[in-house]
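All remarks here apply to the structure that follows.
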Amino acid sequence: MDPAEGHVRLELIIDSVSKSYGARRVLHDVTARAGTGQVLVIAGPNGSGKSTLVRMVARLARPTDGRVLWKLDGRALPATDIRRAIGMVSPDLTLYDELSAAENLRFFAQVRGLSATPEFVRSLLDRFGLGGRGGDLVRAYSSGMKQRLKYAFALMHDPPLLILDEPTANLDERGVALVHDTIAQARLRKCVVMATNEPEEVRLGDVVIQLGA
Amino acid sequence: MWSSNWAREALAVLAKDIRSEYRTRYAFSAVLLFAVTALAVVSFSVSPYSLGADVQAAFLWIVLFFSAMTGLSRSFVREEEARTAMTLRLSIAPEAVYMGKLLFNIALQGAVAAVVVPLFLVLMDVAPAHPGLLALATILGTMALASSSTIIAAIVSRANAKGAIFAVLAFPVTLPGLSSAIRATTAALRGAVGSGSALVAGAAGDLRALAAYSVLMIASSLLLFDFVWDD
Amino acid sequence: MCVWNSRLFAALKLLLGVWMTVVIIAAFFYAPAAQNLGQMSRIIYFHIPAAWVSVVAFAVCTAYSVRYLRNRRTQDDAAASFSAELGLLFCVIATVSGSIFAKATWGSYWNWDPRETSIFVLLLIYGAYFALRSSVDDPSRRGSLAAVYGVLAFITVPLLVFVAPRIPAVQSLHPDGPILATGGGLDMDGRMMTVFISSLMGFTGLYAWVFSLRLRAWRFITALANRQED
Chain A
412 MDPAEGHVRL ELIIDSVSKS YGARRVLHDV TARAGTGQVL VIAGPNGSGK STLVRMVARL
472 ARPTDGRVLW KLDGRALPAT DIRRAIGMVS PDLTLYDELS AAENLRFFAQ VRGLSATPEF
532 VRSLLDRFGL GGRGGDLVRA YSSGMKQRLK YAFALMHDPP LLILDEPTAN LDERGVALVH
592 DTIAQARLRK CVVMATNEPE EVRLGDVVIQ LGA
Chain B
178 MWSSNWAREA LAVLAKDIRS EYRTRYAFSA VLLFAVTALA VVSFSVSPYS LGADVQAAFL
238 WIVLFFSAMT GLSRSFVREE EARTAMTLRL SIAPEAVYMG KLLFNIALQG AVAAVVVPLF
298 LVLMDVAPAH PGLLALATIL GTMALASSST IIAAIVSRAN AKGAIFAVLA FPVTLPGLSS
358 AIRATTAALR GAVGSGSALV AGAAGDLRAL AAYSVLMIAS SLLLFDFVWD D
Chain C
23 MCVWNSRLFA ALKLLLGVWM TVVIIAAFFY APAAQNLGQM SRIIYFHIPA AWVSVVAFAV
83 CTAYSVRYLR NRRTQDDAAA SFSAELGLLF CVIATVSGSI FAKATWGSYW NWDPRETSIF
143 VLLLIYGAYF ALRSSVDDPS RRGSLAAVYG VLAFITVPLL VFVAPRIPAV QSLHPDGPIL
203 ATGGGLDMDG RMMTVFISSL MGFTGLYAWV FSLRLRAWRF ITALANRQED
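Respectively, the protein sequence lines represent chains A, B and C. Numbers in our numbering are just positions in the first sequence, counted from 1, shifted up by 411. Numbers in our numbering are just positions in the second sequence, counted from 1, shifted up by 177. Numbers in our numbering are just positions in the third sequence, counted from 1, shifted up by 22.
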């Protein structure tokens with residue numbers, strides 16, 4: 412990880428975060444830190460607030476108390492740039508059914524300011540094992556293929572923060588291997604946040620947040 | 178620099194929405210069918226009577242308003258229902274999402290008006306005295322409808338009842354634009370019997386009011402949209 | 023300090039009660055009947071202040087909505103909704119009293135004259151506001167959406183109240199003279215003016231008192247609930 416290569420250093424700070432929906436308290440006073448080169452694992456049984464915490468890390472939800480901070484090279488990221496720094500895969504994420512995989516990727520590349528050329532899209536599809544299936548509508552994709560497409564969505568802009576909610580959901584052996592490869596590569600240059608119950612994945616964590624029942 | 182990004186992102190959203198609509202064709206056909214049906218009901222009900230220009234104008238905009246209520250919430254509601262909204266939140270600035278959806282709504286409502294207005298003239302057997310004014314009133318009125326409805330569509334997409342409350346929320350906010358549009362259309366339909374220049378002068382005031390209203394609505398929506406879009 | 027405050031409030035409450043009683047009596051016995059409207063004119067001491075309060079309540083609701091969007095304090099959202107409740111109540115009073123007046127003087131309960139339209143639209147806005155609130159489950163989202171709608175509706179209200187009647191093509195049934203916010207320019211007998219202004223102040227005081235009651239009750243209940251949790 413050579414600084415001269417221009418790799419950014421991202422720092423994620425979760426500071427006394429709590430979340431309640433009305434009277435129901437979902438998260439209570441969670442604190443953790445992680446940075447580039449580290450894997451932060453959020454573990455806990457279903458309903459313990461894993462997805463809620465993940466959403467807050469992805470800036471999709473706001474904590475009721477406490478705060479989440481994203482710092483790039485020591486400086487706090489302004490709100491508008493946080494989106495650019497994040498790539499996320501989640502079971503709640505859904506891509507456009509009525510568009511083809513290639514059209515989906517091209518759309519997201521366009522809005523992210525990447526060069527949305529057919530070559531770029533094709534190489535992205537190849538990288539995640541969807542080569543040749545770019546023209547199919549996402550509606551026709553199996554759940555495993557959809558998951559791979561989500562990885563393409565999350566990584567196309569090479570974000571310094573990769574957030575994975577249930578990374579290997581719906582994947583066969585090959586898919587699981589692909590994901591573990593991706594995580595192994597990503598952890599060198601990025602900060603990876605994973606919400607999972609799979610013991611092998613929990614073991615990958617440098618920092619672990621254990622959420623109770 | 179950020180403004181040029183918005184434009185590109187908004188246009189990409191517009192293109193995506195148009196492509197999706199084209200593939201599924203729900204919104205456009207449903208809205209068009211509704212508009213034509215409403216027109217048919219009006220035309221059938223009033224055929225024995227001869228109506229003044231003001232009543233005709235009112236009927237036209239009633240049909241256009243309720244067509245808008247049928248179609249303009251779709252672009253936001255569909256994102257929430259299909260659960261694709263999360264991908265947008267992760268990749269696009271909220272303002273660009275709003276602008277893209279606004280452009281889509283303008284296009285949709287414009288397409289509906291392009292069908293409804295000529296059909297209206299035919300079914301109601303009306304010859305507009307000032308066709309140019311009618312076109313202008315329709316264009317500006319369509320902009321006004323779209324610019325006030327879009328953020329309300331966004332609000333409705335984040336609530337439960339969705340279809341039912343869209344009209345309830347939209348009407349009070351849309352009313353100033355609607356009444357200006359009706360007045361301008363009345364002036365356009367009225368024959369030379371009316372007080373000529375005073376009528377056109379009044380219409381110019383209404384057209385200006387419509388334009389100002391649209392600008393006000395869009396500006397307010399841009400300021401407020403973040404609060405609707407983010408959780 | 024607390025004792026001083028509560029004694030001051032108690033005194034003000036008493037004053038308000040006495041004030042309103044005097045105003046009501048004066049409206050019927052002290053103020054003279056207007057020339058052309060006759061005894062009917064006495065409705066202005068109730069109808070206009072009610073309309074005034076319903077607009078003030080809306081403005082207050084919008085102010086709290088803006089504060090909520092800035093700070094996300096549940097108290098601000100609660101305050102916005104309480105003000106809206108009161109606004110709705112006074113708006114209904116204004117609409118109904120106005121309609122009665124319309125029937126008595128102009129012969130029909132409703133005419134869509136610009137001011138009638140404005141108060142009716144305000145009623146619709148309040149209705150829409152509460153319809154929106156009741157259709158959102160998550161409290162913080164409910165607060166945001168309602169606040170945005172409140173602000174949006176508030177921005178469009180001036181267009182109706184001030185722009186629509188100005189446009190030459192539209193005629194008005196209401197007696198001449200700007201009535202709502204500015205207050206000046208009314209051709210009123212001195213005694214009528216006195217009762218009118220007093221009623222205006224009384225109604226506003228009534229609104230402020232009930233609003234503060236509501237807010238205090240809410241704070242108390244919330245504090246109690248929080249304490250039970252810990």
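Just so you know, even glycine gets a beta-carbon here, dropped at the ideal spot from N, CA and C.
> Taking 9 Å as the CB-CB cut-off, is Tyr171 (chain C) touching chain F?
Replying inline: Protein chains A, B and C are contained in the structure displayed, whereas chain F is not.
> Closer than 8 Å, Cβ to any Cβ of chain B: which residues of the stretch 559-583 of chain A, in chain order?
Replying inline: Answer in chain order: Phe564.
> Looking at the structure shown, is Thr607 (chain A) part of a helix, part of a strand, or coil, going by DSSP?
Replying inline: In the first sequence, the residue the question calls residue 607 (chain A) occupies position 196. In this structure, Thr607 (chain A) counts as coil in the three-state DSSP scheme.
>> Please report the distance separating the alpha-carbon of Val299 (chain B) from that of Ala288 (chain B).
In response: Here residue 299 (chain B) corresponds to residue number 122 of the second sequence, with the count starting at 1. Here residue 288 (chain B) corresponds to residue number 111 of the second sequence, with the count starting at 1. The alpha-carbon atoms of Val299 (chain B) and Ala288 (chain B) are separated by roughly 17 Å.
> Quick one: is Thr214 (chain B) buried, meaning 16 or more other Cβ sit within 10 Å of its Cβ, or exposed?
Replying inline: Residue numbering aside, residue 214 (chain B) sits at position 37 when the second sequence is read from its first letter. A residue is called buried once 16 or more other Cβ atoms fall within 10 Å of its Cβ, and Thr214 (chain B), having fewer, is exposed.
>> Between Ser162 (chain C) and chain A, is the shortest Cβ-Cβ distance under 9 Å, so that the two count as touching?
In response: Within the third sequence, the letter at position 140 stands for residue 162 (chain C). Closer than 9 Å: yes.
> Are Ala314 (chain B) and Ala380 (chain B) touching if we call contact CB-CB under 9 Å?
Replying inline: Locating residue 314 (chain B) in the second sequence gives position 137, where the first residue counts as 1. Locating residue 380 (chain B) in the second sequence gives position 203, where the first residue counts as 1. Cβ atoms of Ala314 (chain B) and Ala380 (chain B): closer than 9 Å.
> Applying the criterion that 16 or more other CB atoms from any shown protein chain within 10 Å of the CB defines a buried residue, is Pro136 (chain C) buried or exposed?
Replying inline: In the third sequence, counting from the first residue as 1, residue 136 (chain C) sits at position 114. So Pro136 (chain C) ends up on the buried side.
> Are there three or more Cβ pairs, one per stretch, closer than 8 Å when the stretch 603-612 of chain A is compared with the stretch 424-439 of chain A?
Replying inline: Taking a contact to require three or more Cβ pairs closer than 8 Å, the stretch 603-612 of chain A and the stretch 424-439 of chain A do not qualify as touching.
> Looking only at C-alpha atoms, which of A:Gly458, A:Asp476, A:Arg550, A:Gly546 sits nearest to Glu514 (chain A)?
Replying inline: In the first sequence, residue 514 (chain A) corresponds to position 103, counting from 1. The shortest CA-to-CA distance from Glu514 (chain A) to any of A:Gly458, A:Asp476, A:Arg550, A:Gly546 is the one to A:Gly546.
> Residues of chain A with a CB under 7 Å from the CB of Ala189 (chain B): which are they?
Replying inline: By one-based count along the second sequence, residue 189 (chain B) stands at place 12. Neighbours of Ala189 (chain B) on chain A, chain order: Phe518, Gln521, Val522.
> Less than 9 Å separating the beta-carbons of Leu516 (chain A) and Arg559 (chain A)?
Replying inline: Taking the first residue of the first sequence as 1, we reach residue 516 (chain A) at position 105. Taking the first residue of the first sequence as 1, we reach residue 559 (chain A) at position 148. Going by C-beta atoms, Leu516 (chain A) is not nearer than 9 Å to Arg559 (chain A).
> In three-state terms, what does DSSP make of Val77 (chain C)?
Replying inline: Reading the third sequence from its first residue, position 55 is the one you call residue 77 (chain C). When secondary structure is reduced to three states using DSSP, Val77 (chain C) falls in the helix class.
> Got a sec, what are the start and stop residues for the alpha helix (DSSP H) Leu352 (chain B) sits in?
Replying inline: Start at 1 with the first residue of the second sequence, and residue 352 (chain B) comes out as number 175. First-last of the alpha helix (DSSP H) with Leu352 (chain B): 340-366.
>> Quick check on this structure: which residue in C:Val143, C:Val40, C:Ala32 has the alpha carbon closest to the alpha carbon of Val435 (chain B)?
In response: Residue 435 (chain B) lies beyond the stretch modelled for chain B, which goes from 178 to 408, so this question has no answer here.
> Taking Cβ-Cβ distances shorter than 7 Å, what residues in chain C pair up with Gly433 (chain A)?
Replying inline: Along the first sequence, read from residue 1 onward, the residue named residue 433 (chain A) stands at position 22. The contacting residues are Pro161.
> Would you report the Cα separation of Leu108 (chain C) and Arg486 (chain A), rounded to the nearest angstrom?
Replying inline: Here residue 108 (chain C) refers to the residue found at position 86 when the third sequence is read from its first residue. Here residue 486 (chain A) refers to the residue found at position 75 when the first sequence is read from its first residue. Distance between the alpha carbons of Leu108 (chain C) and Arg486 (chain A): 47 Å.
>> Among the candidates C:Ser28, C:Arg29, C:Phe242, C:Ile66, whose CA atom is the shortest distance from the CA of Ile219 (chain C)?
In response: Position 197 of the third sequence, counting from 1, holds the residue named residue 219 (chain C). Closest option to Ile219 (chain C), Cα to Cα, is C:Ile66.
> Arg473 (chain A) versus chain B: which residues are under 8 Å apart at the beta carbon?
Replying inline: Against the first sequence, residue 473 (chain A) aligns to sequence position 62. Against chain B, a Cβ distance below 8 Å from Arg473 (chain A) picks out Asp407, Asp408.
> What is the DSSP secondary structure of Ile269 (chain B), counted as helix, strand or coil?
Replying inline: Numbered from its first residue, the second sequence carries residue 269 (chain B) at position 92. Ile269 (chain B) falls in the coil class under three-state DSSP.
> Secondary structure at Asp492 (chain A), three-state DSSP: helix, strand or coil?
Replying inline: Here residue 492 (chain A) refers to the residue found at position 81 of the first sequence. In this structure, DSSP gives Asp492 (chain A) a helical state, which the three-state scheme calls helix.
> Where do the N-terminal and C-terminal ends of the alpha helix (DSSP H) with Met499 (chain A) fall, by residue?
Replying inline: On the first sequence, residue 499 (chain A) is found 88 positions in, with the first residue counted as 1. That residue, Met499 (chain A), is in no alpha helix (DSSP H); its beta strand (DSSP E) goes 497-500.
> Is Val500 (chain A) near Ile620 (chain A), with beta carbons less than 9 Å apart?
Replying inline: As a position in the first sequence, residue 500 (chain A) is number 89, starting the count at 1. As a position in the first sequence, residue 620 (chain A) is number 209, starting the count at 1. Judged by their CB atoms, Val500 (chain A) and Ile620 (chain A) are not nearer to each other than the 9 Å cut-off.
> Got a sec: is the Cβ-Cβ distance from Gly498 (chain A) to anything in chain B below 9 Å?
Replying inline: Translated into the one-based positions of the first sequence, residue 498 (chain A) becomes position 87. Gly498 (chain A) counts as touching chain B.
>> Here's the rule I'm using: 16 or more other beta-carbon atoms within 10 Å means buried, otherwise exposed. How should Asn282 (chain B) be labelled?
In response: For the purposes of this step, residue 282 (chain B) is taken as residue 105 along the second sequence, with counting starting at 1. With 16 or more Cβ atoms within 10 Å of its Cβ, Asn282 (chain B) is classed as buried.
> Can you find at least 3 beta carbon pairs, one from the stretch 333-340 of chain B and one from the stretch 267-276 of chain B, that sit closer than 8 Å?
Replying inline: Taking 8 Å as the limit for Cβ pairs, the verdict is that the stretch 267-276 of chain B does not touch the stretch 333-340 of chain B.
> Using 9 Å as the limit for Cβ to Cβ distance, is Lys193 (chain B) near chain A?
Replying inline: Stepping through the second sequence from its first residue, residue 193 (chain B) is reached at position 16. Interface criterion met: the Cβ of Lys193 (chain B) is under 9 Å from a Cβ in chain A.
>> Give me the chain C residues within the contact set of Leu393 (chain B), using Cβ-Cβ distance strictly less than 9 Å, ordered along the chain.
In response: What you label residue 393 (chain B) is simply residue 216 of the second sequence in a count that begins at 1. Against chain C, a Cβ distance below 9 Å from Leu393 (chain B) picks out Ile177, Thr178, Leu181.
> Is it right to say Arg202 (chain B) is buried, meaning 16 or more other beta carbons lie within 10 angstroms of its own, or is it exposed?
Replying inline: On the second sequence, residue 202 (chain B) is found 25 positions in, with the first residue counted as 1. Exposed: under 16 other Cβ atoms inside 10 Å.
>> Tell me whether the stretch 153-173 of chain C and the stretch 71-79 of chain C touch, counting them as touching only if at least three CB pairs, one residue from each stretch, are closer than 8 Å.
In response: Contact between the stretch 153-173 of chain C and the stretch 71-79 of chain C is absent, because fewer than three Cβ pairs lie under 8 Å.
> At what residues does the beta strand (DSSP E) containing Ile594 (chain A) begin and finish?
Replying inline: As a working note, residue 594 (chain A) is residue 183 in the first sequence. Segment 584-600 is the alpha helix (DSSP H) holding Ile594 (chain A); no beta strand (DSSP E) there.
> With a Cβ-Cβ cutoff of 9 Å, do Leu384 (chain B) and Ser357 (chain B) count as a contact?
Replying inline: As a working note, residue 384 (chain B) is residue 207 in the second sequence. As a working note, residue 357 (chain B) is residue 180 in the second sequence. Yes, they are a contact pair.
> Mind checking whether Tyr507 (chain A) and Val450 (chain A) have CB atoms under 9 Å apart?
Replying inline: Working through the first sequence from its first residue, we reach residue 507 (chain A) at position 96. Working through the first sequence from its first residue, we reach residue 450 (chain A) at position 39. Val450 (chain A) is positioned such that its CB atom lies no closer than 9 Å to that of Tyr507 (chain A).
> If you follow the beta strand (DSSP E) that Ser574 (chain A) is part of, which residue opens it and which one closes it?
Replying inline: Within the first sequence, residue 574 (chain A) is the residue found at index 163, counting from 1. Inspection of the sequence shows that residue 574 (chain A) is occupied by Ile rather than by Ser. Annotation: the continuous beta strand (DSSP E) that includes Ile574 (chain A) extends over 572-576.
>> Considering just the uninterrupted stretch of the alpha helix (DSSP H) at Asp537 (chain A), what are its terminal residues?
In response: On the first sequence, position 126 is the one that residue 537 (chain A) refers to. Unbroken alpha helix (DSSP H) run through Asp537 (chain A): 529-538.
>> Suppose the cutoff is 8 Å on Cβ atoms and the five residues either side in sequence are ignored; what does the same chain contact list for Leu38 (chain C) look like?
In response: Along the third sequence, one-based indexing puts residue 38 (chain C) at 16. Excluding sequence positions up to five before and after Leu38 (chain C), its CB lies within less than 8 Å of the CB of Gly224, Gly227, Leu228, Trp231, all in the same chain and listed in chain order.
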